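Reviewing the structure listed below.
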Amino acid sequence: MGILEVSNFVTGYGDAEIVHGVDLEVEPEEMVCIIGPNGAGKSTFMKGIFGLIDCWDGKVVLDGQEVTNYPPHEITKEGASYVPQRNNIFPNLTVRENLEMGAYTKEDVDDADYQTVWDRFPILEERQNQKVGKMSGGQQQMVAMGAGLMIDPDILLVDEPSAGLAPDLVEEMFERIQRIKNQGTAVLMIEQNARQALRYSDRGYVLDQGENSFVGTGEELLDSDEIQELYLGQAGA
1 MGILEVSNFV TGYGDAEIVH GVDLEVEPEE MVCIIGPNGA GKSTFMKGIF
51 GLIDCWDGKV VLDGQEVTNY PPHEITKEGA SYVPQRNNIF PNLTVRENLE
101 MGAYTKEDVD DADYQTVWDR FPILEERQNQ KVGKMSGGQQ QMVAMGAGLM
151 IDPDILLVDE PSAGLAPDLV EEMFERIQRI KNQGTAVLMI EQNARQALRY
201 SDRGYVLDQG ENSFVGTGEE LLDSDEIQEL YLGQAGA
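This is how it looks when you write it as structure tokens:
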């Protein structure tokens with residue numbers, strides 16, 4: 001059984017249906033990416049999974065528990081964290097205060113919770129009393145993911161983790177996310193840097209016009225001439 005199972009998922013905004021019956025599964029300790037063109041409904045889909053917008057039809061199951069249309073704080077209690085692409089930090093708060101905000105569903109936050117983040121992002125421990133707004137884009141993204149890890153989730157949902165990062169930091173970010181996966185937290189991420197995301201992912205889904213168009217292992221999608229031509233900018237491997 002997957003840690004996350006989404007079936008026939010439909011959602012949108014107002015009268016506009018944007019996601020049309022999408023299926024997705026993430027296994028425990030698996031890293032899965034969603035790629036596709038801009039406007040394909042990727043972020044809308046992830047927001048719907050996490051209860052930020054209503055699911056119109058279909059089902060979301062988290063570790064065997066149906067959580068369809070649960071509010072985000074209840075989904076967090078069931079073991080999922082979400083790191084949005086934008087507005088994912090509090091710039092006027094310190095690193096430590098940002099992490100504490102990420103643990104808002106926990107009754108008590110102790111040193112062990114912070115240590116989980118320090119182990120994954122050592123530089124954050126060094127800078128735990130620094131205002132996050134004064135940090136680099138890469139460090140701010142570490143803070144955002146660290147906040148998501150404060151509840152020790154079973155699965156981390158991340159929207160565009162490489163957005164706004166300098167090219168030399170993108171590879172480092174993917175390596176850090178892979179380490180999160182290797183340490184026992186499943187990862188579902190949306191990513192525009194499709195080629196790099198697929199290299200690090202166990203499996204990938206291609207979302208196009210709100211529908212699943214391709215599903216496969218990261219290697220299979222990278223080796224597909226059709227995927228290369230349509231979504232990765234070239235034909236051939």
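Reminder that position 40 of the sequence shown reads as 40 in the UniProt record's numbering, one-by-one numbering, no gaps.
Positions of the beta carbon are idealized from the N, C-alpha and C atoms, including for glycine.
Just so it is clear, the structure is predicted and the values come from calculations on it, not from any experiment.
C-alpha gap between residue i and residue j, whole angstroms
i	j	result
Glu29	Tyr205	17 Å
Thr217	Glu126	37 Å
Glu209	Asn88	Strictly speaking, residue 209 in this sequence is Gln, with Glu absent from that position. Rounded to whole angstroms, Gln209 to Asn88 spans 26 Å at the Cα level.
Asp110	Glu97	13 Å
Tyr114	Lys106	13 Å
Gln138	Gly164	Per the sequence shown, the amino acid found at residue 138 is Gly instead of Gln. Computed Cα separation, rounded: 8 Å.
Pro84	Asn8	23 Å
Val22	Asn129	42 Å
Ile155	Gly148	10 Å
Glu5	Ala80	12 Å
Thr76	Ala194	27 Å
Ile53	Val19	12 Å
Tyr104	Ile151	9 Å
Ile177	Thr116	14 Å
Asn92	Lys134	9 Å
Residue burial classification, residue i (beta-carbon count within 10 angstroms, cutoff 16)
i	result
Asp108	exposed
Pro71	exposed
Gln234	Residue confidence is low: Gln234 scores 48 on pLDDT, short of 50, so the model does not pin down where it sits. Its coordinate-derived value is still stated next. Exposed.
Gln183	exposed
Ser136	exposed
Gln141	buried
Lys181	buried
Tyr13	exposed
Glu160	buried
Glu191	buried
Lys42	buried
Met1	exposed
Arg86	exposed
Ala237	Because Ala237 carries a pLDDT of 29, less than 50, the predicted location of this residue cannot be relied on, and the following value inherits that uncertainty. By the 10 Å Cβ count, Ala237 comes out exposed.
Unbroken alpha helix (DSSP H) run spanning residue i, endpoints
i	result
Asn8	It is not in any alpha helix (DSSP H) - Asn8 instead sits in the beta strand (DSSP E) that spans 4-13.
Gln178	167-182
Ala41	Checking the sequence shown, residue 41 turns out to be Gly, not Ala. Premise fails: Gly41 is in no alpha helix (DSSP H) and is neither H nor E.
First through last residue of the beta strand (DSSP E) which encompasses residue i
i	result
Glu25	16-26
Beta-bridge partners of residue i, as assigned by DSSP
i	result
Arg203	Val32, Thr217
Val158	Val83, Met189
field: 4 or more residues per run - each alpha helix (DSSP H) lying fully within the segment 51-137
entry: Correct list: 72-77, 95-102, 111-120, 122-126.
Start-end ranges of the alpha helix (DSSP H) lying completely within the segment 209-236, minimum 4 residues: For the segment 209-236, whole alpha helix (DSSP H) runs of length 4 or above, ordered along the chain, are 218-223, 225-231.
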